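Student: Submitted below is the structure of interest, expressed as structure tokens.
Numbering (our numbering), first residue to last: 7 to 154.
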């Protein structure tokens, strides 16, 4: 009976000695992710004697953890009579409308929910009117921004 009483007393006294408490603060940092990369080397060859337009294709990968959109612009004004259009495949698989590129950024894909998507297509279309000889290039910039 003494052993039983000692065990019961130890059991009941255990919580009385459990006053030692340790507190640890855990900090949280959730960083915004907005990554886009392009691939391919689109080249557009146009024989204006036969056609007024020609196409090329590239691709892009995107990772975002917030609702976003993609803007696009080119680095310089194209010669009069030359227009470059772009259309991007949305990460959901559909294509957005074709957009005429200029030096001012324009929305080319909107309504992107958090996603990590690879192998999305970029379609380019060059239209020439009244130009019979030209060789050049334009850098196309794609920028991820908030979608409200």
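Ideal Cβ positions, reconstructed from N, Cα and C, are used throughout, including at glycine.
Keep in mind the model is a prediction, meaning the values are calculated, not measured.
Can you look up residue 65 in the DSSP assignment and give me helix, strand or coil?
Tutor: strand
Student: What do you get for residue 14, buried or exposed, if any count of 16 or more other CB atoms within 10 angstroms of its CB means buried?
Tutor: At residue 14 the pLDDT is 49, less than 50, meaning the model places this residue with poor confidence; the figure from the coordinates comes in the next sentence. With a 10 Å radius around the Cβ and a threshold of 16 neighbouring Cβ atoms, residue 14 comes out exposed.
Student: The beta strand (DSSP E) spanning residue 149 covers which residue range?
Tutor: 146-152
Student: What did DSSP end up calling residue 87 once you bin it into helix, strand or coil?
Tutor: coil
Student: Since residue 45 and residue 91 are thought to touch, with beta carbons under 8 Å apart, how far apart are those beta carbons, to the nearest angstrom?
Tutor: So it is not a contact: roughly 20 Å between Cβ atoms.
Student: Any idea if residue 126 is buried or exposed, counting beta-carbon neighbours within 10 angstroms, 16 or more meaning buried?
Tutor: buried
Student: CA-CA distance, residue 116 and residue 88?
Tutor: If you take the alpha carbons of residue 116 and residue 88, they lie about 26 Å apart.
Student: Pick out whichever of 26, 25, 53, 96 has its Cα sitting closest to the Cα of residue 128.
Tutor: 96
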